[in-house]
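K.L.:
Handing you this structure, nothing more for now.
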Ligand SMILES: [Zn+2]
């Protein structure tokens, strides 16, 4: 079996631009020099790594400065940070000392570790070949969907205790996650001009948590724990939606083409906002679980 990128039709001489320069890592390309399948953002004009069949070159490229360096490092560091948190929760006391209460939090942290890790891999190797890029982008969507799904599952688990409504929401979110994963694998979903459809689908899926939040407001807004639960989730969703708006609008580079090739592009801001949203969600889950345990919610009872 050839490795991804080797003997690939997309690496034909017609599609490899400047292949004779591709081993010179420090030599970066312009947007026009890249093949059409890498024409993702026409407002990022410079700083592209050359196409290279050798995937080792991209590992080295992590340590040079190009227009993907910050995208790689931001999610790589986030991935390692969430990996560390997995260990901390495993040893923690309080609401997470019993395995059944720890499991939803561990699943959320594991999906954050994998989701950010896959994103870093995608940004590292996406110019390897068209086939590699398509595979990695699909994997990236699976990682995001898995992270959002597990974020909701943990939030619903710690917020609703063992009620019937909890089972209904948990099943709906898991079915929604499965549907979202299937949709993200459809070829047209990954097209460069389907950006708005992609963003809309993720916002719709991400906002699905508003249904249980509305239920909580209706039921018992005045209760201290319920008010906190809704406030925490609202903040996560607002940061998440802001991240999607910036991703879709391609602000600020759409107003100043070429000025944000290396720093502060929409994709870079999107990465940082997603990290903020997931970190906030983690802290919110810890607070909600502590409050639920203090109240003596039935999910914390021994079986
Ligand atoms: Zn990204």
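Numbering (the numbering used here), first residue to last: -6 to 296. Glycine included, each C-beta is placed from N, C-alpha and C at the ideal position. If you're wondering where the values come from, they're calculated on a predicted model, not measured in any experiment.
#1: Could you tell me which residues DSSP pairs with residue 22 in its beta bridges?
#2: Which residue comes first and which comes last in the alpha helix (DSSP H) that contains residue 147?
#3: May I have a chain-ordered list of the alpha helix (DSSP H) segments no shorter than 4 residues that lie completely inside the region 188 to 261?
#4: With a 10 Å radius around its C-beta and 16 neighbouring C-beta atoms as the bar for buried, classify residue 86 as buried or exposed.
#5: Taking 7 angstroms as the threshold (C-beta atoms), are residue 141 and residue 193 in contact?
#6: Does the beta carbon of residue 112 fall short of 6 angstroms from some heavy atom of ligand 1?
#7: Rounded to the nearest angstrom, what separates residue 2 and residue 47 at their Cα positions?
#8: My assumption, with CB atoms under 8 angstroms, is that residue 144 sits in contact with residue 101. Please give the rounded CB distance.
#9: Could you check how far apart the C-beta atoms of residue 240 and residue 259 are, in whole angstroms? I think they sit under 8 angstroms.
#10: Write down the C-beta distance between residue 75 and residue 105 rounded to the nearest angstrom, noting that I regard them as a contact closer than 8 angstroms.
#11: Go through its chain and collect everything with a Cβ distance to residue 263's Cβ below 7 angstroms, but skip five positions before and after it.
#12: For residue 146, which residues in the same chain have their Cβ closer than 8 angstroms to its Cβ, ignoring the five residues on either side in sequence?
#13: Within 8 angstroms, do at least three Cβ pairs link the region 64 to 82 to the region 261 to 275?
#14: Taking a contact to mean a Cβ-Cβ separation below 7 angstroms, would you say residue 223 touches residue 209 in this structure?
#15: Go through its chain and collect everything with a Cβ distance to residue 177's Cβ below 7 angstroms, but skip five positions before and after it.
#16: Helix, strand or coil: which one does DSSP assign to residue 53?
#17: Quick check on the burial criterion: 16 or more other C-beta atoms within 10 angstroms. Buried or exposed for residue 186?
#18: On a Cα-Cα basis, can you pick out the residue from 220, 249, 197 and 273 that is closest to residue 232?
#19: Assuming residue 89 contacts residue 79 under a Cβ cut-off of 8 angstroms, what Cβ separation, rounded to an integer in Å, is found between them?
#20: Report yes if the CB atom of residue 129 is closer than 7 angstroms to the CB atom of residue 115, and no otherwise.
#21: Helix, strand or coil for residue 279, going by three-state DSSP, please let me know.
#22: For a quick check, are the C-beta atoms of residue 59 and residue 21 less than 7 angstroms apart?
#23: Give the secondary structure of residue 84 by DSSP, where H, G and I count as helix, E and B as strand, and everything else as coil.
#24: Smallest Cα separation from residue 65: which of 118, 33 and 50?
#25: Quick check on residue 35: buried or exposed, where buried means 16 or more other Cβ atoms within 10 Å of its Cβ?
#26: Kindly list the residues whose CB is nearer than 6 angstroms to the CB of residue 14, restricted to its own chain and excluding five residues on each side of it in sequence; keep chain order.
#27: Might you give, ordered along the chain, the residues of its own chain that have their beta carbon closer than 7 angstroms to the beta carbon of residue 196, omitting 5 neighbours on each side?
P.N.:
Result, derived from the coordinates:
#1: Start at 1 with the first residue of the chain shown, and residue 22 comes out as number 29. Residue 22 pairs with 41.
#2: Against the chain shown, residue 147 aligns to sequence position 154. According to the DSSP assignment, residue 147 belongs to the alpha helix (DSSP H) that extends over 123 to 153.
#3: If you keep only unbroken alpha helix (DSSP H) runs of at least 4 residues inside the region 188 to 261, you get 188 to 199, 203 to 213 and 217 to 242.
#4: Against the chain shown, residue 86 aligns to sequence position 93. Answer is exposed; the Cβ neighbour count stays below 16.
#5: Walking along the chain shown from the start, residue 193 turns up at place 200. Walking along the chain shown from the start, residue 141 turns up at place 148. No. Outside cutoff.
#6: The residue you call residue 112 lines up with position 119 of the chain shown. At least one heavy atom of ligand 1 is nearer than 6 angstroms to the Cβ of residue 112, so yes.
#7: The sequence position of residue 2 within the chain shown is 9, counting from 1. The sequence position of residue 47 within the chain shown is 54, counting from 1. At residue 2, the pLDDT of 40 sits below 50, so the modelled position is not reliable and the matter cannot be decided from this model.
#8: Sequence index remark: in the chain shown, residue 144 carries index 151 (1-based). Sequence index remark: in the chain shown, residue 101 carries index 108 (1-based). Residue 144 to residue 101, Cβ: 6 angstroms. Contact.
#9: Position 247 of the chain shown, counting from 1, holds the residue named residue 240. Position 266 of the chain shown, counting from 1, holds the residue named residue 259. Going by Cβ atoms, the distance from residue 240 to residue 259 rounds to 6 angstroms, so yes, they are a contact pair.
#10: Taking the chain shown and counting its residues from 1, one reaches residue 75 at position 82. Taking the chain shown and counting its residues from 1, one reaches residue 105 at position 112. Going by Cβ atoms, the distance from residue 75 to residue 105 rounds to 4 angstroms, so yes, they are a contact pair.
#11: The sequence position of residue 263 within the chain shown is 270, counting from 1. Cβ neighbours of residue 263 beyond the five flanking positions: 236, 239 and 240.
#12: Here residue 146 is taken as the residue at index 153 of the chain shown, counted from 1. For residue 146, where only same-chain residues beyond five positions count, the Cβ hits under 8 angstroms are 97, 100, 101, 163, 166 and 167.
#13: With a cut-off of 8 angstroms, the region 64 to 82 and the region 261 to 275 count as touching, because enough Cβ pairs lie within range.
#14: Here residue 223 refers to the residue found at position 230 when the chain shown is read from its first residue. Here residue 209 refers to the residue found at position 216 when the chain shown is read from its first residue. Contact flag set, yes.
#15: The residue labelled residue 177 in the question sits at position 184 within the chain shown. Closer than 7 angstroms at the Cβ level, and outside the excluded window around residue 177, lie 131, 134, 135 and 138.
#16: On the chain shown, residue 53 is found 60 positions in, with the first residue counted as 1. Helix.
#17: Looking up residue 186 in the chain shown gives position 193. With fewer than 16 Cβ atoms within 10 Å of its Cβ, residue 186 is classed as exposed.
#18: Taking the first residue of the chain shown as 1, we reach residue 232 at position 239. The alpha carbon of residue 232 has as its nearest neighbour, out of 220, 249, 197 and 273, the alpha carbon of 273.
#19: Position 96 of the chain shown, counted from the first residue, corresponds to residue 89. Position 86 of the chain shown, counted from the first residue, corresponds to residue 79. That pair is no contact at about 11 angstroms.
#20: Counting from one through the chain shown, the residue named residue 129 turns up at place 136. Counting from one through the chain shown, the residue named residue 115 turns up at place 122. By the CB criterion at 7 angstroms, residue 129 and residue 115 fall inside the cutoff.
#21: Here residue 279 is taken as the residue at index 286 of the chain shown, counted from 1. Helix at residue 279.
#22: Along the chain shown, one-based indexing puts residue 59 at 66. Along the chain shown, one-based indexing puts residue 21 at 28. Contact annotation: residue 59 and residue 21 have beta-carbon atoms nearer than 7 angstroms.
#23: Taking the chain shown and counting its residues from 1, the one referred to as residue 84 is at position 91. It is helical.
#24: Against the chain shown, residue 65 aligns to sequence position 72. Considering only alpha carbons, the answer is 118.
#25: Position 42 of the chain shown holds residue 35. Residue 35 counts as exposed, since fewer than 16 other C-beta atoms from the protein chains shown sit within 10 angstroms of its C-beta.
#26: Here residue 14 refers to the residue found at position 21 when the chain shown is read from its first residue. Because residue 14 sits at a pLDDT of 45, beneath the cut-off of 50, its placement in the model cannot be relied upon, and the point is left open.
#27: One-based indexing of the chain shown puts residue 196 at position 203. Once the five neighbours on either side are set aside, the close Cβ partners of residue 196 are 234 and 237.
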